[in-house]
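Quick note: to get the numbering used here, add 1332 to the position in the sequence shown (first position is 1).
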Amino acid sequence: MRYDFAGIAYPLYRFGGVLGLGFYSLDAGDMDETTYEYFDGTGRTFGARSYAATLSYGRALTDRFSVGLTLKFIDELLEDERASGWAADVGTNYDTGFRNFKISMVISNFGPDMTFIQEGYPLPINFRFGGAINVLDGEKHKGVFAVEASHPSDNLEKYNAGFEYGYDERYFIRVGEKFNYDEGTFSVGGGLRVPFNKMELRLDYGYQDMGLLNEAHRFTLGMKF
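Below, the structure is given as structure tokens:
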């Protein structure tokens, strides 16, 4: 299984706010085909893939309150069958002013039903609520603790918690724990920020044991300019 993402964000100095573009790709790889007659396998394989292209806009309405909107086009493939549609996400972020404590809310997947093999189905609407606070705020040493609750329309509530330690705003260590998940509850990783001319190169890595889905390794390469 492979999951890829590429994105760019650009500040709109003339109009205000930030414009973002993104592309998501999920490839489940080849899987063995089974049927009612051949439940042990037909000897053939099939693939499942999902893609999404997004357009986002966010803006600070005050020095503490921000809002954002994302429109996305979704395309799903299951062997020779295809489903396409669109959806929207909306979110808010509020800075309390205390130890950089921020509270955020997001509602995802507003949109019409998607049709797959002549059968329509709704996208799972997901409501997420979370917060992050600086628990360590020294000159060289920084520590951020974050929690999130997720309420999808088609599943049980899920909870996430994580901690990031940063040294000199260049070196980072991260740990996370998921609750009420079937697999992949613990994760660990790190990051590096490297100044490069007038830009900043960002390298991040995360490891997660996904149980039946084996290990997951996440690599992120970013550039701030």
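No residue lacks a Cβ here, since even glycine has one placed at the ideal position from N, Cα and C.
Between Phe1461 and Thr1374, the alpha-carbon positions lie close to 45 Å from each other.
For Gly1554, the enclosing beta strand (DSSP E) begins and ends at 1547 to 1556. Judged by DSSP in its simplified three-state form, Leu1544 adopts helix. Two segments are said to touch when three or more pairs of C-beta atoms, one from each, lie closer than 8 Å; by this definition the region 1445 to 1453 does not touch the region 1477 to 1493. The Cβ-Cβ distance between Tyr1537 and Phe1551 falls below 7 Å. Contact check between the region 1461 to 1480 and the region 1412 to 1424: fewer than three CB pairs, one atom from each, fall below 8 Å, which does not count as touching. For Thr1517, the three-state secondary structure derived from DSSP is coil. Within the same chain, Phe1477, Val1507 come within 6 Å of Phe1495 by CB-CB distance, once the 5 residues on both sides are set aside.
In the three-state scheme derived from DSSP, where H, G and I count as helix and E and B as strand, Glu1369 is classed as coil. For Leu1455, there is no enclosing beta strand (DSSP E), as DSSP marks it with neither H nor E.
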